[in-house]
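Trainee: Got a structure for you, questions after.
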Amino acid sequence: MKLQSTAFQHGMGVPQKYTCQGEDINPPLQWSDVPPGTRSFALIVDDPDAPGGTWIHWLVKDIPPQATSIAEDTIPGVEIPNSFGKTGFGGPCPPSGRHRYFFKLYALDVPALPAVNARDLYNLVEKHKVAQAVLMGAYQKT
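Going by my numbering, the first residue of the sequence shown is number 5, and it counts up by one from there.
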């Protein structure tokens, strides 16, 4: 499975538009080469470079299996509260230095997940994933 964005390439900078210094909206994402038997998708966006440990920017579950993209500034499924304590996309906003942001898409073998928090989602994704794809972008405040 492949995950990409028209906003930035893997390993490159996330445009300011998608950060706390811009519009703070999710970037567009597209995926391909989905394995047969995929019954839903989940998306986790996190920052492993955060000072207190991994900071979760967006959690989305129950994305329909026929989906092949997420448009800019849209909600593609059921959101779970992130590390900001809210649902929705929380754009890159590192306190200092350059941080990496991992957009992780999981193809799952179930149509829905009963997850209600981040821990549930991480555990259930590991149990039900049939494939995953990762897109990494970086950001440093100016």
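The beta carbon of each residue, even a glycine, is placed where N, CA and C say it ideally should be.
With a 10 Å radius around its C-beta and 16 neighbouring C-beta atoms as the bar for buried, classify V120 as buried or exposed.
Mentor: Around the beta-carbon of V120, fewer than 16 other beta-carbon atoms lie within 10 Å, marking it exposed.
Trainee: Between the stretch 22 to 40 and the stretch 89 to 103, do at least 3 Cβ pairs fall closer than 8 Å?
Mentor: yes
Trainee: Quick one: grab the DSSP three-state call for Q8.
Mentor: strand
Trainee: Answer with buried or exposed for H61, where buried requires no fewer than 16 other C-beta atoms within 10 angstroms of its C-beta.
Mentor: buried
Trainee: In terms of residues, what are the limits of the alpha helix (DSSP H) holding Y126?
Mentor: Note, Y126: alpha helix (DSSP H), A122 to H132.
Trainee: Report, in whole angstroms, the separation of the C-beta atoms of R104 and M140, which I expect to be a contact under 8 Å.
Mentor: 6 Å
Trainee: In terms of residues, what are the limits of the beta strand (DSSP E) holding A46?
Mentor: S44 to D51
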